[in-house]
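Chemist: One structure, pasted below without further comment.
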Amino acid sequence: MMAQNKMFSLTLLSLLVVVPACFDEEDDKVDSEGSEETGESGGEDSTGGDDSTGGDDSSDPDPVEAKISGRVEVVLYTEGADGEREYISYTDADALTDYDLSVFPFGKVFVAAYSTDEVGAKQFHGDTTIDTPSIGGDDYSMDLRKNDGPGDVYVYAHVDWYQDRILGSWEPQEHYGDVVPIVEGAEVTSIDITILAPIPYSGGGGSCDTVSVSGDVIITVSYAGGDVATFYQTTDGQGPYYGAWTTVSADGGGASGAFSNTSCAGVGEVKLRGAWDTNGNNIIDATDRWGGYISAPDTDGGPITIGSTSLTGYDVQIPLGGSDGFSLVPFTRLSGDVSLASGVAFGDATDGLPAGTKVYSVALKYRPSSEIYVSSFKTYAYDYDSWELADIATDTSKAYTLNVPAETIVYLWSFADTDGDGVLNEPGEPVAAGGGESSGRLPTGSSGASGISLVLAAPPTPSDSGGE
Ligand SMILES: [Ca+2]
Ligand SMILES: [Ca+2]
Ligand SMILES: [Ca+2]
């Protein structure tokens with residue numbers, strides 16, 4: 073394994089889905105496909121001759137432009153002695169770390185909208201960067217251009233937890249909990265995302281003998297500014313480790329510069345990667361141009377092995393083939409049904425729930441420890457369903473479906489708010505934990521889970537006939 077002084081063993085790690093190079097089409101020039109509809113004339117539109125009238129021009133859909141806005145907040149968690157995620161405020165976390173948590177302790181927050189094409193490749197349609205995020209969250213707004221026409225997009229946010237200006241696969245990220253439909257001219261608001269982040273790590277890495285890997289970074293496409301980061305990834309694409317930044321200079325049709333990365337000796341087999349800050353937001357993100365170590369021009373050199381001596385002459389080419397960036401973690405779904413342990417209808421006169429009850433099924437971000445306020449679901453929950461008793465009185469079960477991030481931990485619960493005060497898990501109020509553990513802990517995996525029954529235990533019976 074790798075020298076771990078910067079590695080967190082948290083399960084932020086994402087499933088590594090390859091992100092092929094499908095970046096920034098709209099930046100400079102419109103390249104080949106997706107020609108413009110934006111009045112620019114220009115594009116040779118081969119196929120159909122004259123515009124206007126045309127009628128059945130059945131080819132590609134017209135690009136659409138839209139705007140998405142919302143708010144991103146980074147909230148903290150800590151892990152209890154039993155390894156369960158627990159909510160912690162910045163103020164309380166301040167006492168546990170050397171960092172000053174009276175100010176936002178992490179780097180920039182990147183927000184992007186993307187969809188996946190028929191072969192699973194991610195296509196980015198818009199992005200924005202919050203340069204100086206705040207405790208308590210920040211508003212964002214981004215313009216989208218979707219060259220493949222109307223359709224659904226995913227919106228996600230990613231924070232530079234390590235402040236190395238490279239967004240990594242294990243840095244906290246979160247998707248908005250549903251797809252966002254995009255049509256021409258749409259202005260979609262309230263796409264709010266809460267990123268769950270571990271409190272800053274204050275342990276220092278130990279010292280070690282260091283070695284370096286050096287060579288040239290070569291950008292082989294038209295260069296219009298922006299620095300390059302070189303770094304290591306594990307052979308399955310997680311990282312970065314040991315990033316270094318290089319300034320490159322225009323050179324022929326592209327750009328080049330010398331880089332050197334220093335790491336502990338004996339790191340072992342890694343991928344040497346390079347990424348160019350194409351969009352100029354001063355961090356490496358999913359929409360930038362990525363590349364890697366080459367053994368010859370345009371030839372992927374494969375993994376390198378970092379042992380006890382420094383390596384020289386290792387060139388990095390950007391872009392390189394279908395070089396992937398890092399994974400994005402889409403959401404998945406948890407589903408099942410909620411019922412009463414007594415097996416009767418929710419509104420059953422003797423063993424059902426009292427009038428005015430509201431029933432919830434919720435995927436929490438933290439282990440519930442005491443009362444939970446519905447009003448704080450925005451912070452505490454990934455998603456929830458709820459029902460008024462009056463609407464489900466004759467049902468014996470209700471199906472729920474919750475959108476949750478893939479490859480994370482959720483705490484799946486059902487609550488019956490029998491006094492309808494918006495405070496759940498109060499003494500005497502029925503609860504049910506999903507996932508087979510008393511905490512309701514449930515790894516979401518890559519594809520979620522279905523058929524999870526949440527059985528609300530022992531509804532308090534009106535004290536006339538002490539049931540069972
Ligand atoms: Ca980072
Ligand atoms: Ca960038
Ligand atoms: Ca209550």
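Here the sequence shown is numbered in this note's numbering, starting from 73 and rising by one per residue.
Backbone N, C-alpha and C define an ideal beta-carbon position, used for all residues, glycine too.
Classify A138: buried if its beta carbon has 16 or more other beta carbons within 10 angstroms, exposed otherwise.
Modeler: Sequence index remark: in the sequence shown, residue 138 carries index 66 (1-based). The residue in question, A138, is buried, as its Cβ has 16 or more Cβ neighbours within 10 Å.
Chemist: If G385 and G257 are in contact, beta carbons under 8 Å, what's the gap, nearest whole angstrom?
Modeler: As a working note, residue 385 is residue 313 in the sequence shown. As a working note, residue 257 is residue 185 in the sequence shown. Contact flag wrong, Cβ pair sits at about 53 Å.
Chemist: Indicate, with yes or no, if ligand 1 has a heavy atom lying under 8 Å from the CB of R237.
Modeler: Looking up residue 237 in the sequence shown gives position 165. Correct: R237 has its Cβ closer than 8 Å to ligand 1.
Chemist: Which residues in the same chain as V146 place their Cβ atom closer than 6 Å to its Cβ, once the five residues preceding and following it in sequence are excluded?
Modeler: Residue numbering aside, residue 146 sits at position 74 when the sequence shown is read from its first letter. Cβ neighbours of V146 beyond the five flanking positions: V231, I267 and A269.
Chemist: Among all residues, which have a Cβ less than 5 Å from at least one non-hydrogen atom of ligand 3, and in what chain order do they fall?
Modeler: The answer, residue by residue, is D489, D491, D493, V495 and E498.
Chemist: Sorry if obvious, but does the Cβ on W459 come closer than 8 Å to a heavy atom of ligand 1?
Modeler: Mapped onto the sequence shown, residue 459 falls at position 387. Not under cutoff, so the answer is no.
Chemist: How far does the beta strand (DSSP E) with A488 in it extend, from its first residue to its last?
Modeler: Looking up residue 488 in the sequence shown gives position 416. That run of the beta strand (DSSP E) goes I481 to D489.
Chemist: Let me make sure I understand the geometry here. Which of L406, A358, I378 and S328 has the alpha-carbon closest to that of Q389?
Modeler: For the purposes of this step, residue 389 is identified with residue 317 of the sequence shown, where counting begins at 1. Closest option to Q389, Cα to Cα, is S328.
Chemist: Comparing alpha-carbon positions, which option in S284, P426, Y295 and D349 lies nearest V339?
Modeler: Mapped onto the sequence shown, residue 339 falls at position 267. Minimum Cα distance to V339 is reached at S284.
Chemist: Apart from the five residues just before and just after S161, which ones in its own chain have a Cβ nearer than 8 Å to its Cβ?
Modeler: If you number the sequence shown from 1, residue 161 lands on position 89. The answer, listed in chain order, is L148.
Chemist: Does the pairing of the stretch 193–212 with the stretch 344–360 give three or more beta-carbon distances under 8 Å?
Modeler: Taking 8 Å as the limit for Cβ pairs, the verdict is that the stretch 344–360 does touch the stretch 193–212.
Chemist: Measuring only the C-alpha atoms, how far is F80 from S241?
Modeler: Taking the first residue of the sequence shown as position 1, residue 80 is located at position 8. Taking the first residue of the sequence shown as position 1, residue 241 is located at position 169. Residue confidence for F80 is low, a pLDDT of 36 falling below 50, so the modelled location carries little weight and cannot support an answer.
Chemist: Please report the straight-line C-alpha distance between G142 and I265, rounded to a whole angstrom.
Modeler: Sequence index remark: in the sequence shown, residue 142 carries index 70 (1-based). Sequence index remark: in the sequence shown, residue 265 carries index 193 (1-based). Rounded to the nearest angstrom, the two C-alpha atoms are 8 Å apart.
Chemist: Residues in its own chain within less than 7 Å of G121 by CB, not counting five upstream and five downstream?
Modeler: As a working note, residue 121 is residue 49 in the sequence shown. Bear in mind that a pLDDT of 40 at G121, under 50, signals an unreliable position, so the model cannot answer this.
Chemist: Going by DSSP, what residues sit across from G340 in a beta bridge?
Modeler: Residue numbering aside, residue 340 sits at position 268 when the sequence shown is read from its first letter. G340 is bridged to I378.
Chemist: Indicate whether the contact test is met: 3 or more Cβ pairs, each with one atom in the stretch 359–377 and one in the stretch 407–426, closer than 8 Å.
Modeler: These segments do not touch.
Chemist: Just the C-alpha distance for V252 and L216, rounded to the nearest angstrom, thanks.
Modeler: As a working mapping, residue 252 is identified with position 180 in the sequence shown. As a working mapping, residue 216 is identified with position 144 in the sequence shown. Computed Cα separation, rounded: 12 Å.
Chemist: For ligand 2, is there a heavy atom less than 8 Å away from the beta-carbon of I356?
Modeler: Position 284 of the sequence shown holds residue 356. Answer for I356: yes, Cβ within range of ligand 2.
Chemist: Keeping to the same chain, check which residues put their C-beta closer than 6 Å to that of A505; ignore five residues upstream and five downstream.
Modeler: In the sequence shown, residue 505 corresponds to position 433, counting from 1. Closer than 6 Å at Cβ, skipping near neighbours: W485 and G512.
Chemist: If you measure between the beta carbons of A316 and A301, is that distance less than 9 Å?
Modeler: Stepping through the sequence shown from its first residue, residue 316 is reached at position 244. Stepping through the sequence shown from its first residue, residue 301 is reached at position 229. Taking 9 Å as the Cβ cut-off, A316 and A301 qualify as a contacting pair.
Chemist: Along the chain, where does the alpha helix (DSSP H) containing I238 start, and where does it finish?
Modeler: Translated into positions along the sequence shown, residue 238 becomes position 166. From DSSP, I238 is part of no alpha helix (DSSP H); its letter is neither H nor E.
Chemist: When DSSP labels each residue in this structure, what does D99 get in the three-state scheme?
Modeler: Taking the first residue of the sequence shown as position 1, residue 99 is located at position 27. Annotation note: pLDDT 36 at D99 (below 50); position unreliable, no value reported.
Chemist: Which term fits T516, buried or exposed, when burial requires 16 or more other beta carbons within 10 angstroms of its beta carbon?
Modeler: Translated into the one-based positions of the sequence shown, residue 516 becomes position 444. So T516 ends up on the buried side.
Chemist: Give the range of the beta strand (DSSP E) segment to which D288 is assigned.
Modeler: One-based indexing of the sequence shown puts residue 288 at position 216. Unbroken beta strand (DSSP E) run through D288: T282 to I291.
Chemist: Looking at S469: is its Cβ nearer than 9 Å to the Cβ of S433?
Modeler: Numbered from its first residue, the sequence shown carries residue 469 at position 397. Numbered from its first residue, the sequence shown carries residue 433 at position 361. No, the Cβ-Cβ distance between S469 and S433 is not below 9 Å.
Chemist: Assess contact between the stretch 460–480 and the stretch 412–430, defined as three or more Cβ pairs (one per stretch) separated by less than 8 Å. Is contact present?
Modeler: Contact holds: three or more Cβ-Cβ distances are below 8 Å.
Chemist: Measuring alpha carbon to alpha carbon, tell me which of N497, F449, F178 and S262 ends up nearest S206.
Modeler: The sequence position of residue 206 within the sequence shown is 134, counting from 1. Comparing Cα-Cα distances from S206 to each of N497, F449, F178 and S262, the minimum goes to F178.
Chemist: Should T429 be flagged as near chain B, meaning a C-beta pair shorter than 9 Å?
Modeler: The structure shown has no chain B; it contains just one protein chain.
Chemist: Does the distance between the C-beta of T350 and the nearest non-hydrogen atom of ligand 2 fall short of 8 Å?
Modeler: The sequence position of residue 350 within the sequence shown is 278, counting from 1. Yes, Cβ of T350 sits closer than 8 Å to a heavy atom of ligand 2.
Chemist: Whose CA, out of N333, D189 and A471, lies closest to the CA of D224?
Modeler: Stepping through the sequence shown from its first residue, residue 224 is reached at position 152. Considering only alpha carbons, the answer is D189.
Chemist: A462 by DSSP, collapsed to three states: which one?
Modeler: Against the sequence shown, residue 462 aligns to sequence position 390. Three-state DSSP puts A462 in a helix.
Chemist: Could you tell me if P499 is buried or exposed, where buried requires 16 or more neighbouring beta carbons within 10 angstroms of its beta carbon?
Modeler: Locating residue 499 in the sequence shown gives position 427, where the first residue counts as 1. It counts as exposed.
Chemist: Would DSSP call A505 helix, strand or coil?
Modeler: As a working note, residue 505 is residue 433 in the sequence shown. Residue state, collapsed to three classes: strand.
Chemist: Closest to V181 by CA distance: which of A453, L474 and D357 is it?
Modeler: To locate residue 181, count along the sequence shown from 1; it is residue 109. Comparing Cα-Cα distances from V181 to each of A453, L474 and D357, the minimum goes to D357.
Chemist: Any idea what DSSP makes of V434, helix, strand or coil?
Modeler: Taking the sequence shown and counting its residues from 1, one reaches residue 434 at position 362. Note: V434 maps to strand in three-state DSSP.
Chemist: Please report how far the alpha carbon of S294 lies from the alpha carbon of A347, in whole angstroms.
Modeler: Taking the first residue of the sequence shown as 1, we reach residue 294 at position 222. Taking the first residue of the sequence shown as 1, we reach residue 347 at position 275. In a straight line, the C-alpha of S294 is about 15 Å away from that of A347.
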